[in-house]
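Here the structure is laid out as structure tokens; the discussion comes afterwards.
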Amino acid sequence: MGTERTLADRKGRDLCELQRETITSNKSRKKNRLRSKKLVSPVQILFETCKDVFSSGGVGIVPPPQQIQKLQSVLDGIKPEDVGLTPDMPYFQTNAGQRIPRITYLHIYECEKFSIGIFCLPPSGVIPLHNHPGMTVFSKLLFGTVHIKSYDWVIDLPADSSTVVKPSESERLIPETRLAKVKVDADFTAPCNPSILYPADGGNLHCFTAVTACAVLDVLGPPYSDPDGRHCTYYLNHPFSTFSVDEISIAEEEKKDYEWLQERVLPDDVEVVGKMYSGPIIVET
């Protein structure tokens, strides 16, 4: 009996000790999980979200609406400090010796499905009018004020109408010019909602002009790729009245909403330089 009692007591003590250790271990694991969640940076969350949203994407493929909203919500919560930026950094200053404001691009991540980067613009800095062929583009203004003008190609005129002006023989070196409709022409000041451009809608061609120093976080899906034919093409814009096309009839009060866009090379008065991104790193999983 004494031996059995002693054995029972020992088993009871051992069981209690095991339970205490288990409870302590579970609490420790829970704390570690909570600590790990707290340590996940907003940039890492953005990366994971992009992986999910663009997992089945491709040229001309727009993510489902719920996925669009998911990524838009993540971008909406990102602040300048989350990517290691402050308005007083050299990226956002201009020097007296600079002929033109220098734009800095901070590359964060790129794969065949999407890319993430930040454009840093000093006051009066300009990202010229350009396209995003087959891409869905999210842009988040992190701070500052920027003027955005965007266009979509006109494709909904009658079938016998031509939206392309072809150069005459004497102008054969001039690129063809296409008709586009102005979608946005306004100033935006942070904080504001992220903008979304679709392959054929929402202002797929746009230009940015910095009213004040500003930073724009960009997500492109898929990214530009010269080997795959997704080139970044730049354009000049001309008022609708510049060219006359007999087949196109637009009401006088609506002509201000249409412009002709003509291909061009990257203008000489634009300087874009790449710099190392110094914010929280992305861990590929």
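Per our numbering, the sequence shown starts with residue 515, numbered consecutively.
We treat Cβ as the ideally placed atom computed from N, Cα and C, and that holds for glycine.
Please read all numbers here as calculations on a predicted model, not as lab measurements.
Expressed to the nearest angstrom, what Euclidean distance is found between the alpha-carbon atoms of residue 772 and residue 696?
6 Å
At least 3 beta-carbon pairs within less than 8 Å: the segment 629-642 vs the segment 694-713: no
Worksheet item: How about residue 720 and residue 643: do their beta carbons lie closer than 8 Å?
Response: yes
Identify the continuous beta strand (DSSP E) that holds residue 786 and give its terminal residues. 785-790
**Among 799, 604, 626 and 704, nearest to residue 590 - alpha-carbon criterion** = 704
Just to confirm my understanding: we take residue 718, look at its own chain, exclude 5 residues before and 5 after, and list those with CB closer than 7 Å. What are they? 645, 646, 666, 711 and 712
Practice prompt. Can you grab the Cα-Cα spacing for the pair residue 595 / residue 758, in whole Å?
Written response: 50 Å
field: Beta-carbon contacts of residue 802 that lie in its chain and below 6 Å, excluding the five residues immediately before and after
entry: Absent from the model: residue 802. The displayed extent of the chain is 515 to 799, so no value can be given.
If you reduce the DSSP assignment to three classes, tell me which class residue 627 lands in.
coil
Next item on the list: Take residue 585 as the anchor and find which of 572, 556 and 607 has the nearest alpha-carbon.
Entry: 556
Item to check | Three-state class that DSSP yields for residue 738 in the structure shown | outcome: coil
In this structure, what does DSSP give as the bridge partners for residue 661?
701 and 723
### Query
Are the segment 743-758 and the segment 600-614 touching, with three or more C-beta to C-beta distances below 8 Å?
no
**Request:** Grab me the residues of residue 630's own chain with a C-beta within less than 6 Å of its C-beta, minus the 5 sequence neighbours each way, in chain order.
**Result:** 622, 623 and 733
Please classify residue 650 as buried or exposed, where buried requires at least 16 other C-beta atoms within 10 Å of its C-beta. buried
*Start-end ranges of the alpha helix (DSSP H) lying completely within the segment 544-602, minimum 4 residues*: 556-567 and 579-590
* Let me know the secondary structure DSSP gives residue 606 once reduced to three states. => helix
request  = Find the nearest neighbour of residue 658 within the set 600, 575 and 611, judged by alpha-carbon distance.
outcome  = 600
Original post:
With 16 as the cutoff for other CB atoms within 10 Å, does residue 569 come out buried or exposed?
Top reply: exposed
(message) Just list the residues that DSSP pairs residue 710 with in beta bridges.
(response) 652
Inset, instruction - Report the three-state DSSP secondary structure of residue 799 (helix, strand or coil). - result: coil
Open item on the list: Quick check on residue 735: buried or exposed, where buried means 16 or more other Cβ atoms within 10 Å of its Cβ?
Closed with: buried
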